[in-house]
Amino acid sequence: MGDSVDVNSQLVLAFIAAAGSNGCLNADLEKGVPDISNENRVAAINALITKRLIDIFQVGSKLGYKIKPQDNEPADLLNADTEEKIVYGVIKEAGNKGIWMRDIRLKSNLQPTVLNKVLKSLENKKLIKAVKSVSATKKKVYMLFELEPDSTLTGGSWYSDQDFESEFVDVLNQQCYRYLVELRHKHENDQSSTKKGPLAMYNLSSANCGQVCKFITDLGISKVPLSEEDIRTILDTLLYDGKVERKLTINGEFTYRAVNPLVSPPGLVMLPCGICPVISECHLTGNVSPFSCPYLKDWGSKPIIKVQREEI
413 MGDSVDVNSQ LVLAFIAAAG SNGCLNADLE KGVPDISNEN RVAAINALIT
463 KRLIDIFQVG SKLGYKIKPQ DNEPADLLNA DTEEKIVYGV IKEAGNKGIW
513 MRDIRLKSNL QPTVLNKVLK SLENKKLIKA VKSVSATKKK VYMLFELEPD
563 STLTGGSWYS DQDFESEFVD VLNQQCYRYL VELRHKHEND QSSTKKGPLA
613 MYNLSSANCG QVCKFITDLG ISKVPLSEED IRTILDTLLY DGKVERKLTI
663 NGEFTYRAVN PLVSPPGLVM LPCGICPVIS ECHLTGNVSP FSCPYLKDWG
713 SKPIIKVQRE EI
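Residue numbers for the sequence shown follow this note's numbering, beginning at 413 and rising by one.
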(Lines of atoms letter the chains of each structure in order from A; the text may use other names.)
(Lines give C-alpha, C1' and ligand atoms only; values in the text may rest on other atoms or scores of the structure.)
Protein backbone atom coordinates (compact mmCIF):
# COMPACT_ATOMS: atom_id res chain seq x y z
CA MET A 413 0.00 0.00 0.00
CA GLY A 414 2.86 2.34 0.87
CA ASP A 415 4.56 1.80 -2.54
CA SER A 416 1.32 2.41 -4.45
CA VAL A 417 0.79 5.65 -2.55
CA ASP A 418 4.32 6.80 -3.48
CA VAL A 419 3.75 6.04 -7.17
CA ASN A 420 0.34 7.70 -7.09
CA SER A 421 1.81 10.74 -5.36
CA GLN A 422 4.38 11.12 -8.13
CA LEU A 423 1.70 10.93 -10.82
CA VAL A 424 -0.52 13.44 -9.02
CA LEU A 425 2.44 15.77 -8.36
CA ALA A 426 3.49 15.62 -12.02
CA PHE A 427 -0.02 16.52 -13.22
CA ILE A 428 -0.33 19.44 -10.78
CA ALA A 429 3.15 20.70 -11.75
CA ALA A 430 2.20 20.59 -15.44
CA ALA A 431 -0.76 22.88 -14.68
CA GLY A 432 1.65 25.71 -13.85
CA SER A 433 1.43 28.41 -11.19
CA ASN A 434 -2.36 28.62 -11.42
CA GLY A 435 -2.72 24.98 -10.40
CA CYS A 436 -5.62 22.71 -11.29
CA LEU A 437 -9.05 21.95 -9.91
CA ASN A 438 -9.89 18.64 -8.28
CA ALA A 439 -12.19 17.81 -11.21
CA ASP A 440 -9.31 18.28 -13.66
CA LEU A 441 -7.11 16.06 -11.52
CA GLU A 442 -9.72 13.29 -11.60
CA LYS A 443 -9.76 13.38 -15.41
CA GLY A 444 -5.98 13.78 -15.66
CA VAL A 445 -5.14 10.64 -13.68
CA PRO A 446 -8.13 8.35 -14.38
CA ASP A 447 -6.22 5.15 -13.57
CA ILE A 448 -5.93 6.14 -9.88
CA SER A 449 -8.94 5.33 -7.74
CA ASN A 450 -10.65 8.05 -5.74
CA GLU A 451 -9.36 6.59 -2.46
CA ASN A 452 -5.73 6.41 -3.67
CA ARG A 453 -5.93 9.88 -5.20
CA VAL A 454 -7.11 11.38 -1.88
CA ALA A 455 -4.32 9.52 -0.07
CA ALA A 456 -1.78 10.85 -2.55
CA ILE A 457 -3.02 14.42 -2.18
CA ASN A 458 -2.88 14.21 1.63
CA ALA A 459 0.66 12.82 1.42
CA LEU A 460 1.78 15.69 -0.83
CA ILE A 461 0.16 18.28 1.45
CA THR A 462 1.84 16.72 4.50
CA LYS A 463 5.23 16.89 2.73
CA ARG A 464 4.55 20.57 1.87
CA LEU A 465 4.87 19.86 -1.85
CA ILE A 466 1.48 21.24 -2.89
CA ASP A 467 -0.95 23.89 -1.66
CA ILE A 468 -4.70 23.54 -1.53
CA PHE A 469 -6.98 26.41 -2.57
CA GLN A 470 -10.65 26.96 -3.17
CA VAL A 471 -12.54 28.58 -6.05
CA GLY A 472 -16.15 28.96 -4.98
CA SER A 473 -17.15 25.50 -3.80
CA LYS A 474 -14.45 23.74 -5.82
CA LEU A 475 -11.08 22.59 -4.47
CA GLY A 476 -7.85 23.02 -6.36
CA TYR A 477 -4.15 22.25 -5.97
CA LYS A 478 -0.91 23.90 -7.03
CA ILE A 479 2.78 23.37 -6.52
CA LYS A 480 4.04 24.96 -3.34
CA PRO A 481 7.12 27.22 -3.63
CA GLN A 482 9.89 25.58 -1.67
CA ASP A 483 11.02 27.80 1.18
CA ASN A 484 12.09 27.40 4.76
CA GLU A 485 9.11 26.35 6.86
CA PRO A 486 9.12 26.47 10.68
CA ALA A 487 10.44 23.29 12.32
CA ASP A 488 7.25 22.97 14.39
CA LEU A 489 5.25 22.68 11.20
CA LEU A 490 7.13 19.65 9.87
CA ASN A 491 5.41 17.24 12.23
CA ALA A 492 2.04 19.00 12.17
CA ASP A 493 -1.05 17.25 10.86
CA THR A 494 -2.70 18.04 7.53
CA GLU A 495 -5.34 20.39 8.97
CA GLU A 496 -2.70 22.52 10.68
CA LYS A 497 -0.65 22.79 7.50
CA ILE A 498 -3.69 23.78 5.46
CA VAL A 499 -4.71 26.49 7.96
CA TYR A 500 -1.11 27.72 8.25
CA GLY A 501 -0.95 28.05 4.46
CA VAL A 502 -4.22 29.99 4.33
CA ILE A 503 -3.02 32.41 7.03
CA LYS A 504 0.38 32.79 5.39
CA GLU A 505 -1.22 33.90 2.12
CA ALA A 506 -3.00 36.74 3.95
CA GLY A 507 0.33 38.38 4.84
CA ASN A 508 0.51 41.16 7.44
CA LYS A 509 -3.09 42.26 6.83
CA GLY A 510 -4.32 39.06 8.45
CA ILE A 511 -7.43 37.05 7.78
CA TRP A 512 -10.74 36.72 9.64
CA MET A 513 -11.69 33.38 11.14
CA ARG A 514 -14.73 33.19 8.85
CA ASP A 515 -12.52 33.43 5.77
CA ILE A 516 -10.14 30.81 7.13
CA ARG A 517 -13.09 28.45 7.57
CA LEU A 518 -14.30 29.06 4.02
CA LYS A 519 -10.87 28.54 2.47
CA SER A 520 -9.88 25.53 4.56
CA ASN A 521 -13.36 23.92 4.45
CA LEU A 522 -12.96 22.86 8.10
CA GLN A 523 -15.73 22.60 10.68
CA PRO A 524 -15.75 25.37 13.35
CA THR A 525 -14.86 22.98 16.20
CA VAL A 526 -11.94 21.52 14.24
CA LEU A 527 -10.75 24.97 13.14
CA ASN A 528 -10.81 26.32 16.70
CA LYS A 529 -8.67 23.39 17.82
CA VAL A 530 -6.22 23.92 14.95
CA LEU A 531 -5.92 27.67 15.57
CA LYS A 532 -5.28 27.13 19.27
CA SER A 533 -2.61 24.55 18.47
CA LEU A 534 -0.85 26.87 16.01
CA GLU A 535 -0.99 29.73 18.52
CA ASN A 536 0.52 27.54 21.25
CA LYS A 537 3.34 26.63 18.88
CA LYS A 538 3.85 30.37 18.19
CA LEU A 539 3.36 29.82 14.48
CA ILE A 540 0.46 32.28 14.25
CA LYS A 541 -1.00 35.06 16.39
CA ALA A 542 -4.35 36.78 16.80
CA VAL A 543 -4.42 40.57 16.35
CA LYS A 544 -7.23 42.99 17.15
CA SER A 545 -8.26 45.49 14.50
CA VAL A 546 -9.06 49.13 15.31
CA SER A 547 -11.95 48.92 12.87
CA ALA A 548 -13.54 45.97 14.70
CA THR A 549 -12.19 45.64 18.23
CA LYS A 550 -14.40 42.65 19.07
CA LYS A 551 -13.01 40.60 16.20
CA LYS A 552 -9.57 39.12 15.67
CA VAL A 553 -7.55 38.49 12.55
CA TYR A 554 -4.84 35.86 12.29
CA MET A 555 -1.38 36.20 10.77
CA LEU A 556 2.01 34.52 11.03
CA PHE A 557 3.64 35.00 14.41
CA GLU A 558 6.72 36.83 13.13
CA LEU A 559 4.86 39.45 11.07
CA GLU A 560 4.21 43.04 12.12
CA PRO A 561 0.54 43.96 11.62
CA ASP A 562 -0.34 46.33 8.81
CA SER A 563 -1.21 49.92 9.82
CA THR A 564 -4.79 49.33 8.64
CA LEU A 565 -5.15 46.95 11.59
CA THR A 566 -3.27 48.85 14.28
CA GLY A 567 -4.25 52.36 13.20
CA GLY A 568 -0.59 53.20 12.69
CA SER A 569 1.25 55.75 14.81
CA TRP A 570 -1.95 57.43 15.98
CA TYR A 571 -3.21 54.45 18.01
CA SER A 572 -1.98 52.71 21.15
CA ASP A 573 -3.77 49.51 22.22
CA GLN A 574 -6.68 50.42 19.92
CA ASP A 575 -7.02 53.87 21.58
CA PHE A 576 -6.63 57.03 19.51
CA GLU A 577 -3.76 59.18 20.85
CA SER A 578 -5.42 62.58 20.45
CA GLU A 579 -2.88 64.42 22.66
CA PHE A 580 0.03 63.03 20.66
CA VAL A 581 -1.61 64.12 17.41
CA ASP A 582 -2.20 67.62 18.85
CA VAL A 583 1.47 67.94 19.80
CA LEU A 584 2.58 66.87 16.32
CA ASN A 585 0.11 69.28 14.77
CA GLN A 586 1.50 72.17 16.81
CA GLN A 587 5.15 71.33 16.15
CA CYS A 588 4.70 70.87 12.41
CA TYR A 589 2.91 74.20 12.21
CA ARG A 590 5.60 75.89 14.34
CA TYR A 591 8.30 74.63 12.00
CA LEU A 592 6.54 76.05 8.93
CA VAL A 593 5.82 79.38 10.64
CA GLU A 594 9.46 79.76 11.74
CA LEU A 595 10.66 78.80 8.27
CA ARG A 596 8.49 81.49 6.68
CA HIS A 597 9.51 84.17 9.19
CA LYS A 598 13.16 83.28 8.74
CA HIS A 599 13.13 84.07 5.03
CA GLU A 600 10.73 87.01 5.27
CA ASN A 601 13.19 88.69 7.65
CA ASP A 602 16.21 87.81 5.52
CA GLN A 603 17.01 90.55 3.00
CA SER A 604 19.02 88.17 0.82
CA SER A 605 15.89 86.01 0.46
CA THR A 606 13.55 88.89 -0.32
CA LYS A 607 15.84 90.12 -3.09
CA LYS A 608 15.39 86.84 -4.98
CA GLY A 609 11.79 87.64 -5.85
CA PRO A 610 8.36 86.42 -4.73
CA LEU A 611 8.55 83.01 -6.41
CA ALA A 612 11.92 82.19 -4.87
CA MET A 613 10.67 83.51 -1.53
CA TYR A 614 7.65 81.20 -1.72
CA ASN A 615 9.81 78.17 -2.44
CA LEU A 616 12.31 79.01 0.30
CA SER A 617 9.55 79.38 2.90
CA SER A 618 7.98 76.03 1.92
CA ALA A 619 8.96 72.54 3.05
CA ASN A 620 8.21 69.03 1.85
CA CYS A 621 7.20 66.08 4.01
CA GLY A 622 10.75 64.81 4.27
CA GLN A 623 12.02 68.09 5.72
CA VAL A 624 9.20 68.32 8.27
CA CYS A 625 9.64 64.63 9.16
CA LYS A 626 13.35 65.19 9.86
CA PHE A 627 12.52 68.16 12.10
CA ILE A 628 10.01 66.09 14.13
CA THR A 629 12.46 63.17 14.36
CA ASP A 630 15.26 65.47 15.60
CA LEU A 631 12.92 66.87 18.27
CA GLY A 632 12.56 63.38 19.74
CA ILE A 633 8.94 63.91 20.80
CA SER A 634 7.73 60.60 19.36
CA LYS A 635 8.39 57.24 20.99
CA VAL A 636 7.54 55.46 17.73
CA PRO A 637 9.24 55.97 14.35
CA LEU A 638 7.21 58.30 12.13
CA SER A 639 7.20 57.96 8.36
CA GLU A 640 6.82 60.73 5.81
CA GLU A 641 3.31 59.41 5.18
CA ASP A 642 2.47 59.97 8.88
CA ILE A 643 3.73 63.56 8.67
CA ARG A 644 1.78 64.10 5.44
CA THR A 645 -1.38 63.19 7.34
CA ILE A 646 -0.60 65.84 9.96
CA LEU A 647 0.23 68.47 7.34
CA ASP A 648 -3.02 67.76 5.52
CA THR A 649 -4.97 68.45 8.74
CA LEU A 650 -3.20 71.82 8.91
CA LEU A 651 -4.21 72.38 5.30
CA TYR A 652 -7.87 71.67 6.08
CA ASP A 653 -7.67 73.99 9.10
CA GLY A 654 -6.52 76.82 6.82
CA LYS A 655 -3.15 77.16 8.56
CA VAL A 656 -1.00 76.07 5.61
CA GLU A 657 -1.23 75.98 1.85
CA ARG A 658 -0.01 73.19 -0.41
CA LYS A 659 1.70 73.30 -3.79
CA LEU A 660 2.58 70.52 -6.24
CA THR A 661 6.14 70.92 -7.54
CA ILE A 662 7.51 69.89 -10.93
CA ASN A 663 9.08 66.90 -9.17
CA GLY A 664 5.64 65.55 -8.35
CA GLU A 665 5.83 66.17 -4.59
CA PHE A 666 3.82 68.48 -2.36
CA THR A 667 5.35 71.34 -0.41
CA TYR A 668 3.63 73.10 2.48
CA ARG A 669 3.83 76.74 3.56
CA ALA A 670 2.38 78.49 6.60
CA VAL A 671 -0.26 81.13 5.87
CA ASN A 672 -1.98 83.78 7.92
CA PRO A 673 -5.43 82.30 8.75
CA LEU A 674 -8.46 84.50 8.20
CA VAL A 675 -9.71 83.59 11.70
CA SER A 676 -7.35 83.00 14.59
CA PRO A 677 -8.19 79.56 16.04
CA PRO A 678 -6.97 80.02 19.65
CA GLY A 679 -9.05 81.51 22.43
CA LEU A 680 -12.82 81.85 22.21
CA VAL A 681 -13.13 79.85 18.99
CA MET A 682 -11.73 76.80 20.79
CA LEU A 683 -14.35 76.99 23.55
CA PRO A 684 -18.10 76.20 23.39
CA CYS A 685 -18.66 79.97 23.56
CA GLY A 686 -17.44 80.22 19.97
CA ILE A 687 -20.62 78.59 18.66
CA CYS A 688 -23.05 79.60 21.46
CA PRO A 689 -26.24 81.22 20.06
CA VAL A 690 -26.88 83.25 23.26
CA ILE A 691 -23.33 84.50 23.85
CA SER A 692 -24.52 88.13 23.50
CA GLU A 693 -26.74 87.63 26.58
CA CYS A 694 -24.05 85.93 28.66
CA HIS A 695 -22.90 87.93 31.71
CA LEU A 696 -21.20 87.04 34.97
CA THR A 697 -24.30 88.10 36.94
CA GLY A 698 -26.99 87.46 34.28
CA ASN A 699 -29.50 84.65 33.73
CA VAL A 700 -27.10 83.24 31.16
CA SER A 701 -23.78 83.01 32.97
CA PRO A 702 -20.49 81.12 32.62
CA PHE A 703 -20.91 80.07 36.27
CA SER A 704 -23.99 78.01 35.44
CA CYS A 705 -23.10 77.00 31.86
CA PRO A 706 -23.14 73.18 31.56
CA TYR A 707 -21.03 73.30 28.38
CA LEU A 708 -18.19 75.15 30.05
CA LYS A 709 -18.41 72.79 32.99
CA ASP A 710 -18.04 69.79 30.69
CA TRP A 711 -15.24 71.53 28.84
CA GLY A 712 -13.25 71.66 32.05
CA SER A 713 -13.06 75.44 32.42
CA LYS A 714 -13.53 75.65 36.19
CA PRO A 715 -10.06 77.19 36.72
CA ILE A 716 -10.88 79.98 34.20
CA ILE A 717 -14.18 80.81 35.87
CA LYS A 718 -12.55 80.75 39.32
CA VAL A 719 -10.05 83.42 38.26
CA GLN A 720 -12.81 85.58 36.76
CA ARG A 721 -14.89 85.26 39.93
CA GLU A 722 -11.98 86.45 42.09
CA GLU A 723 -11.57 89.54 39.88
CA ILE A 724 -15.21 90.70 40.32
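Note that beta-carbon positions come from the ideal geometry of N, C-alpha and C, so glycine has one too.
These numbers were taken from a predicted model, which means no experiment stands behind them.
Specify, as a first and last residue, the run of the alpha helix (DSSP H) that Ile-468 falls within.
-> For this step, residue 468 is matched to residue 56 along the sequence shown. No alpha helix (DSSP H) contains Ile-468, which is instead part of the beta strand (DSSP E) from 466-471.
Does the separation of the CB atoms of Leu-437 and Gly-501 fall below 8 angstroms?
-> Here residue 437 refers to the residue found at position 25 of the sequence shown. Here residue 501 refers to the residue found at position 89 of the sequence shown. Not a contact, by the Cβ cut-off of 8 angstroms.
Are the CB atoms of Glu-665 and Asn-615 nearer to each other than 8 angstroms?
-> Here the question's residue 665 lines up with position 253 in the sequence shown. Here the question's residue 615 lines up with position 203 in the sequence shown. The beta carbons of Glu-665 and Asn-615 sit no closer together than 8 angstroms.
8 angstroms Cβ cutoff met for Leu-638 and Val-624 = Within the sequence shown, numbered from 1, the residue matching residue 638 stands at position 226. Within the sequence shown, numbered from 1, the residue matching residue 624 stands at position 212. No; because the gap between Cβ atoms is not below 8 angstroms, this pair is not in contact.
Of the choices Lys-538, Ser-618 and Ser-449, whose alpha-carbon is the least far from that of Ala-492?
-> Taking the sequence shown and counting its residues from 1, the one referred to as residue 492 is at position 80. Ala-492 has its Cα closest to that of Lys-538, out of Lys-538, Ser-618 and Ser-449.
Can you list, in chain order, the residues of its chain whose CB lies under 7 angstroms from that of Phe-627, leaving out five sequence neighbours each side?
-> On the sequence shown, position 215 is the one that residue 627 refers to. Closer than 7 angstroms at Cβ, skipping near neighbours: Tyr-591.
What residues are listed by DSSP as bridge partners for Arg-658?
-> The sequence position of residue 658 within the sequence shown is 246, counting from 1. DSSP lists Tyr-668 as partners of Arg-658.
Determine the extent of the alpha helix (DSSP H) in which Leu-539 is found, giving its start and end residues.
-> Taking the sequence shown and counting its residues from 1, the one referred to as residue 539 is at position 127. Segment: none, Leu-539 is in no alpha helix (DSSP H) and carries neither H nor E.
Who does Ile-479 pair with in a DSSP beta bridge?
-> What you label residue 479 is simply residue 67 of the sequence shown in a count that begins at 1. In the DSSP output, where bridge partners are listed per residue, Ile-479 has Ile-466.
Ignore the nearest five residues each way along the sequence and tell me which others in Tyr-589's own chain have a CB closer than 8 angstroms to its CB.
-> Walking along the sequence shown from the start, residue 589 turns up at place 177. Once the five neighbours on either side are set aside, the close Cβ partners of Tyr-589 are Leu-650, Lys-655, Val-656 and Ala-670.
Closest residue to Asn-521 among Lys-659, Asn-585, Glu-495 and Leu-534 (Cα-Cα distance) | Counting from 1 along the sequence shown, the entry for residue 521 is found at position 109. When only C-alpha atoms are compared, the closest one is Glu-495.
Throw me the rounded Cβ distance for the Glu-640 and Gly-622 pair, which I believe falls under 8 angstroms.
-> Residue mapping note: residue 640 aligns to position 228 of the sequence shown, counting from 1. Residue mapping note: residue 622 aligns to position 210 of the sequence shown, counting from 1. Indeed, because the Cβ distance is near 6 angstroms, the residues count as touching under 8 angstroms.
Could you pull out every residue in the same chain whose Cβ sits closer than 7 angstroms to the Cβ of Gln-587, ignoring the five residues on either side in sequence?
-> What you label residue 587 is simply residue 175 of the sequence shown in a count that begins at 1. So the list reads Ile-628, Leu-631 and Ile-633, once near-sequence residues are dropped.
Straight-line gap, Ser-617 to Asn-434 (C-alpha atoms, nearest Å) | The count along the sequence shown starts at 1 and reaches residue 617 at position 205. The count along the sequence shown starts at 1 and reaches residue 434 at position 22. Going from the Cα of Ser-617 to the Cα of Asn-434 covers about 54 angstroms.
Ignore the nearest five residues each way along the sequence and tell me which others in Lys-504's own chain have a CB closer than 8 angstroms to its CB.
-> Taking the first residue of the sequence shown as 1, we reach residue 504 at position 92. Around Lys-504: Leu-556.
What whole-angstrom Cβ distance do Val-424 and Leu-441 have, given they're in contact under 8 angstroms?
-> Translated into positions along the sequence shown, residue 424 becomes position 12. Translated into positions along the sequence shown, residue 441 becomes position 29. At roughly 7 angstroms, the Cβ-Cβ gap stays under 8 angstroms, so Val-424 and Leu-441 are in contact.
Grab me the residues of Leu-534's own chain with a C-beta within less than 7 angstroms of its C-beta, minus the 5 sequence neighbours each way, in chain order.
-> Residue 534 sits at position 122 when you count from the first residue of the sequence shown. Within the same chain, Leu-534 has close Cβ partners Glu-496, Val-499, Tyr-500 and Ile-540.
Is the Cβ-Cβ distance between Ile-479 and Ile-461 less than 8 angstroms?
-> As a working note, residue 479 is residue 67 in the sequence shown. As a working note, residue 461 is residue 49 in the sequence shown. Not in contact: Ile-479 and Ile-461 (Cβ atoms no closer than 8 angstroms).
Residue range of the unbroken alpha helix (DSSP H) whose run includes Thr-649 = Taking the first residue of the sequence shown as position 1, residue 649 is located at position 237. Note, Thr-649: alpha helix (DSSP H), 640-652.
Kindly list the residues whose CB is nearer than 6 angstroms to the CB of Ala-542, restricted to its own chain and excluding five residues on each side of it in sequence; keep chain order.
-> Numbered from 1 along the sequence shown, position 130 holds the residue referred to as residue 542. Only Lys-552 and Tyr-554 meet the Cβ criterion.
Grab me the residues of Ser-727's own chain with a C-beta within less than 7 angstroms of its C-beta, minus the 5 sequence neighbours each way, in chain order.
-> Because the chain spans 413 through 724 in this model, residue 727 falls outside it and cannot be assessed.
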